[in-house]
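Taking it in order: structure first as structure tokens, then the write-up.
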Amino acid sequence: MTAFVFNEINFDHHEQVVFASEEKSGLKAIIAVHNTNLGPAMGGCRMWNYASEAEAVRDVLRLSRGMTYKNAV
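Once you know that position 16 of the sequence shown is 1217 in the numbering used here, the rest is easy, because the numbers rise by one and skip nothing.
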């Protein structure tokens, strides 16, 4: 999975990408921090049934980068 993340078009030198899961509930989660140069990471939470893990990674990378720019203004 790591090689996939680094080659994903939306990977823009993110500071941190964390994959988490909890077997009992079936939870699978991805947390991404794009850039904290201007202060602590801020963001939101999205609950969605993605067609694939690749689609979920793509979305979390895109959203975290968007939050960097949104909170920099």
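The C-beta atom is built at its ideal place from N, Cα and C for all residues, glycine as well.
Because the structure is a prediction, the values reported are computed rather than measured.
Around the Cβ of L1239, a 10 Å sphere holds fewer than 16 other Cβ atoms; the residue is exposed. Taking 8 angstroms as the upper bound for CB-CB distance, Q1217 and V1234 are in contact here, some 4 angstroms apart. A residue is called buried once 16 or more other Cβ atoms fall within 10 Å of its Cβ, and I1231 is buried on that count. Under the DSSP assignment, S1265 falls in the alpha helix (DSSP H) whose first and last residues are 1254–1273.
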